[in-house]
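Enquirer: My questions all concern the structure below.
In the working numbering, the protein residues as written are 1 to 133.
Written out as structure tokens, the structure is:
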């Protein structure tokens with residue numbers, strides 16, 4: 001039986017809210033909460049969990065070639081206002097040295113859709129892969 005291990009911890013940077021001179025202080029607070037709702041770690045983790053099969057696909061494919069394949073991949077990406085993932089990068093210094101595997105991970109992250117929002121988020125997300133028999 002195989003076991004796919006990943007850790008749902010990551011760093012997150014959100015874009016600052018745009019000033020709105022016509023708003024009352026209370027509405028600014030409400031606007032800010034709405035803008036940063038998606039940028040909360042727990043909300044991003046929910047969406048990543050829903051899409052974990054995409055990442056598992058890459059791992060399963062690599063296990064067919066290399067049965068004891070394991071390691072870590074650190075992915076950085078931005079989520080823009082439309083919810084689209086852009087600027088996906090694999091941190092080469094902190095990740096498995098496997099071009100095909102990393103390319104697959106990047107491709108799958110690029111396909112994830114997030115809800116539209118008012119701002120953008122920068123996310124750094126590590127995945128840990130280990131086969132337990």
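Positions of the beta carbon are idealized from the N, C-alpha and C atoms, including for glycine. Quantities reported herein were computed from a predicted structural model and do not represent experimental measurements.
Using 8 Å as the threshold, is the stretch 88-95 in touch with the stretch 63-70, meaning 3 or more CB pairs across them?
Expert: Result no; under three Cβ-Cβ pairs closer than 8 Å.
Enquirer: Does the Cβ-Cβ distance between residue 85 and residue 110 come in under 7 Å?
Expert: Result yes, Cβ atoms of residue 85 and residue 110 sit closer than 7 Å.
Enquirer: Relative to the alpha-carbon of residue 46, which residue among 127, 129 and 114 has its alpha-carbon at the smallest distance?
Expert: Out of 127, 129 and 114, 114 has the C-alpha closest to the C-alpha of residue 46.
Enquirer: In its own chain, which residues sit with a C-beta less than 6 Å from the C-beta of residue 82, not counting the 5 before and 5 after it?
Expert: Hits under 6 Å: 116.
Enquirer: Once the 5 residues before and after residue 104 are set aside, which same chain residues still bring their CB inside 6 Å of it?
Expert: So the qualifying residues of the chain are 58.
Enquirer: So that I know if they touch, is there some Cβ in chain B lying closer than 7 Å to that of residue 39?
Expert: This model lacks chain B altogether, as it is built from one protein chain only.
Enquirer: Pick out whichever of 63, 51, 39 and 49 has its Cα sitting closest to the Cα of residue 132.
Expert: Among 63, 51, 39 and 49, the Cα nearest to that of residue 132 belongs to 63.
Enquirer: Going by the CB atoms, is the gap between residue 100 and residue 90 shorter than 7 Å?
Expert: No; because the gap between Cβ atoms is not below 7 Å, this pair is not in contact.
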